[in-house]
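Asks: For reference, the structure I am asking about is given below.
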Amino acid sequence: MPPPARILRQETGAPDGEAKITDDMLREWVALGRAGIQAAGGLIGLSRKNNVSFAALRNYLRSDGTLRQRGANRLNPGRKTRITDDMLRQRAALDPAEIRAANGIGGLARRNDVSTPAQGNYLRSDRTLIQQGKDRLTPGPNPEEKAEITADMVRQWATLGRAGIKAAGGINGLAGQNNISVGALRNYLRANGTLTQYGEDRLNPEGKVEINNDMLWRWATLGEAGIKAAGGLDALARQSNVSVVALRTYLRADGRLSQRAEDRLNPNWRRAIPLAMLRQWATLGPSGIEAAGGLDGLARQYNVSTGALRTYLHIDGTLTVRGEERLRKAGTLPS
């Protein structure tokens with residue numbers, strides 16, 4: 002019997018077998034925040050888990066979980082010109098008459114082909130810089146120079162409420178008072194004073210259970226519809242009593258497993274499951290699966306991971322939601 006076929010990651014089109022950084026990866030990473038990135042082993046650990054170049058990852062993501070300008074540009078469908086430090090200095094130096102002559106802040110944005118909302122992240126209409134703009138122009142605006150968000154900070158913020166945050170000058174003002182990144186703060190706290198799921202996880206880390214393979218198999222059968230029905234990834238994390246940061250390292254919002262999850266369920270690098278194989282399984286029925294020795298026997302016959310097979314096929318021969326979705330997208334779902 003030939004040895005199991007190894008999945009070559011060169012198929013991603015990236016050099017040296019490393020995966021290409023996609024928009025989905027960027028969205029997942031920015032959702033992690035500083036705590037999630039630290040839990041993954043920092044940017045180096047995150048790059049290893051996603052099989053991407055560390056240098057390439059650093060072009061898109063900071064260690065506090067905020068996107069660099071290149072990352073923001075990737076996720077901006079308008080593909081506007083990036084806002085540079087020089088642009089911010091020039092705008093901060095303008096007097097009110099010059100801003101009026103340019104038809105206001107919006108006119109300045111159009112003149113420089115930058116996104117008006119993006120410019121608004123740095124500059125007020127009276128041309129004064131908000132905290133995020135000050136962060137950009139502060140000498141050595143390195144995320145590592147910002148204070149790290151602690152559990153005590155999160156507890157204190159949780160007591161503020163909407164009025165307390167407003168009195169502090171909003172999320173931007175609160176970030177400035179605590180010398181932390183605005184982007185990192187938003188990972189923990191909403192403008193209305195409620196904690197995000199990351200914030201709740203930070204204050205209750207001991208109460209969370211460890212993610213096991215059985216959980217991964219169960220989640221992988223949900224598909225996008227099942228995750229939506231559960232209320233999204235945050236709600237699924239609460240239902241399973243796991244950290245949402247940890248869950249997002251294994252499961253995407255569209256129901257697909259991350260590479261880290263695939264690695265956990267397929268440690269021996271067995272074959273990927275192609276559509277033709279899935280079509281064959283859909284015709285077996287309970288008797289065919291029983292004749293093959295159950296799902297484990299079927300997995301051995303096809304040289305695939307049992308965990309991967311279970312994400313597509315039930316023991317009674319019916320397809321899981323994920324299996325049906327895959328064949329439906331290919332236009333070959335059996336009637």
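Position one of the sequence shown corresponds to residue 2 (my numbering), numbered consecutively onward.
Just so it is clear, CB atoms sit at the ideal spot from N, CA and C, and this is done for glycine as well.
Please read all numbers here as calculations on a predicted model, not as lab measurements.
For GLY72, which residues of its own chain have a beta-carbon under 7 Å away from its beta-carbon, when the five flanking residues on both sides are left out?
Replies: As a first step, residue 72 must be located in the sequence shown, where it is residue number 71. Hits under 7 Å: LEU27, TYR61, LEU62.
Asks: Among the residues of its own chain, which have a CB less than 6 Å from the CB of TRP30, if the five just before and after it don't count?
Replies: Position 29 of the sequence shown, counting from 1, holds the residue named residue 30. Correct list, in chain order: LEU62.
Asks: Residue range of the alpha helix (DSSP H) that ARG257 falls in?
Replies: Taking the first residue of the sequence shown as 1, we reach residue 257 at position 256. Careful: ARG257 lies outside any alpha helix (DSSP H) and carries neither H nor E.
Asks: Whole-angstrom Cβ separation of ARG323 and ALA168, contact assumed at under 8 Å?
Replies: For the purposes of this step, residue 323 is identified with residue 322 of the sequence shown, where counting begins at 1. For the purposes of this step, residue 168 is identified with residue 167 of the sequence shown, where counting begins at 1. With a Cβ gap of about 48 Å, ARG323 and ALA168 do not count as contacting.
Asks: Assuming ASP25 and ARG75 make a contact with CB atoms under 8 Å, what is their CB distance in whole Å?
Replies: As a working note, residue 25 is residue 24 in the sequence shown. As a working note, residue 75 is residue 74 in the sequence shown. Between ARG75 and ASP25 the Cβ distance is about 11 Å, and since that is not below 8 Å, they are no contact.
Asks: As a quick exercise: from ILE212, LEU175, ARG327, ALA226, pick the residue whose alpha carbon is nearest that of ARG163.
Replies: The residue labelled residue 163 in the question sits at position 162 within the sequence shown. With distances taken between Cα atoms, ARG163 lies closest to LEU175.
Asks: Taking Cβ positions, are VAL243 and GLU211 nearer each other than 9 Å?
Replies: Position 242 of the sequence shown holds residue 243. Position 210 of the sequence shown holds residue 211. In contact: VAL243 and GLU211 (Cβ atoms closer than 9 Å).
Asks: Just the C-alpha distance for PHE55 and GLY184, rounded to the nearest angstrom, thanks.
Replies: Counting from 1 along the sequence shown, the entry for residue 55 is found at position 54. Counting from 1 along the sequence shown, the entry for residue 184 is found at position 183. Approximately 21 Å between the Cα atoms of the pair.
Asks: Report all residues from its chain with a CB closer than 7 Å to the CB of ASP235; omit the five preceding and five following residues, and keep chain order.
Replies: Your numbering for residue 235 matches position 234 in the sequence shown. Closer than 7 Å at Cβ, skipping near neighbours: GLN198, VAL245.
Asks: Terminal residues of the continuous alpha helix (DSSP H) containing ALA41?
Replies: Position 40 of the sequence shown, counting from 1, holds the residue named residue 41. Looking at the DSSP string, ALA41 is not in any alpha helix (DSSP H), and its letter there is neither H nor E.
Asks: Is it buried or exposed for ALA226, if we count other Cβ within 10 angstroms and need 16 for buried?
Replies: In the sequence shown, the residue the question calls residue 226 occupies position 225. Exposed.
Asks: Inspect the beta-carbon positions of ILE316 and GLY295 and report whether they are closer than 9 Å.
Replies: Here the question's residue 316 lines up with position 315 in the sequence shown. Here the question's residue 295 lines up with position 294 in the sequence shown. Yes, these two residues count as a Cβ contact at 9 Å.
Asks: Exposed or buried, ASP202, counting other C-beta atoms within 10 Å across all chains shown (16 or more means buried)?
Replies: Taking the first residue of the sequence shown as 1, we reach residue 202 at position 201. Label assigned to ASP202: buried.
Asks: Any idea if GLU263 is buried or exposed, counting beta-carbon neighbours within 10 angstroms, 16 or more meaning buried?
Replies: Residue 263 sits at position 262 when you count from the first residue of the sequence shown. Buried, by the Cβ-count rule.
Asks: Are there 16 or more other CB atoms within 10 angstroms of the CB of SER259, so buried, or fewer, so exposed?
Replies: On the sequence shown, position 258 is the one that residue 259 refers to. Under this definition SER259 is a buried residue.
Asks: Roughly how many whole angstroms lie between the Cα atoms of ILE100 and ILE106?
Replies: Position 99 of the sequence shown holds residue 100. Position 105 of the sequence shown holds residue 106. If I take the Cα positions, the gap works out to 7 Å.
Asks: I'd like the ranges of any alpha helix (DSSP H) spanning at least 4 consecutive residues and lying wholly in the region 265-300.
Replies: With a minimum length of 4 residues, the continuous alpha helix (DSSP H) runs that stay inside the region 265-300 are 276-283, 286-292.
Asks: Quick check: what's the CA-CA separation for ILE150 versus GLN281?
Replies: Counting from one through the sequence shown, the residue named residue 150 turns up at place 149. Counting from one through the sequence shown, the residue named residue 281 turns up at place 280. Taking the straight line from one Cα to the other gives about 52 Å.
Asks: Is it right to say LEU276 is buried, meaning 16 or more other beta carbons lie within 10 angstroms of its own, or is it exposed?
Replies: For the purposes of this step, residue 276 is taken as residue 275 along the sequence shown, with counting starting at 1. Classification of LEU276: exposed, given that the 10 Å Cβ count is below 16.
Asks: Can you list, in chain order, the residues of its chain with a C-beta nearer than 7 Å to that of ARG187? Leave out the 5 residues immediately preceding and following it.
Replies: As a working note, residue 187 is residue 186 in the sequence shown. These residues qualify, in order along the chain: ILE172.
Asks: In angstroms with no decimal places, state the Cα-to-Cα distance between ARG125 and THR195.
Replies: Here residue 125 corresponds to residue number 124 of the sequence shown, with the count starting at 1. Here residue 195 corresponds to residue number 194 of the sequence shown, with the count starting at 1. Approximately 25 Å, taken between the alpha carbons.
Asks: Assign LEU89 to one of three DSSP states: helix, strand, or coil.
Replies: Here residue 89 is taken as the residue at index 88 of the sequence shown, counted from 1. Looking at LEU89 - three-state DSSP - the assignment turns out to be helix.
Asks: What does a CB cutoff of less than 6 Å around ALA247 pick up in its chain, not counting 5 residues either side in sequence?
Replies: For the purposes of this step, residue 247 is identified with residue 246 of the sequence shown, where counting begins at 1. So the list reads ILE212, once near-sequence residues are dropped.
Asks: What is the residue span of the alpha helix (DSSP H) that GLU1 lies within?
Replies: A question about residue 1 goes unanswered here, because the residues of the chain that appear run from 2 up to 336.
Asks: Here's a check: name, in chain order, each residue in its chain whose Cβ is nearer than 6 Å to the Cβ of GLU145, leaving out the five neighbours to either side.
Replies: Start at 1 with the first residue of the sequence shown, and residue 145 comes out as number 144. Low per-residue confidence applies at GLU145: pLDDT is 46, beneath 50, and the placement is therefore not dependable enough to give any value.
Asks: On the premise that GLY200 lies in contact with VAL155, defined as a C-beta separation below 8 Å, what is that separation, rounded to the nearest angstrom?
Replies: The residue given as residue 155 occupies position 154 in the sequence shown. The residue given as residue 200 occupies position 199 in the sequence shown. Indeed they touch by this definition, with Cβ atoms about 5 Å apart.
Asks: For ARG111, is the classification buried or exposed, using 16 other Cβ atoms within 10 angstroms of its Cβ as the cut-off for buried?
Replies: The residue you call residue 111 lines up with position 110 of the sequence shown. Exposed, since its Cβ has fewer than 16 Cβ neighbours within 10 Å.
Asks: What did DSSP end up calling LEU62 once you bin it into helix, strand or coil?
Replies: Here the question's residue 62 lines up with position 61 in the sequence shown. Looking at LEU62 - three-state DSSP - the assignment turns out to be strand.
Asks: In the DSSP assignment, find the alpha helix (DSSP H) that holds ALA247 and state where it starts and stops.
Replies: For the purposes of this step, residue 247 is taken as residue 246 along the sequence shown, with counting starting at 1. Segment 245-249, the alpha helix (DSSP H) holding ALA247.
Asks: Measure the C-alpha to C-alpha separation of ASP255 and TYR313 and round it to an integer number of angstroms.
Replies: Residue mapping note: residue 255 aligns to position 254 of the sequence shown, counting from 1. Residue mapping note: residue 313 aligns to position 312 of the sequence shown, counting from 1. Cα to Cα, ASP255 sits roughly 15 Å from TYR313.
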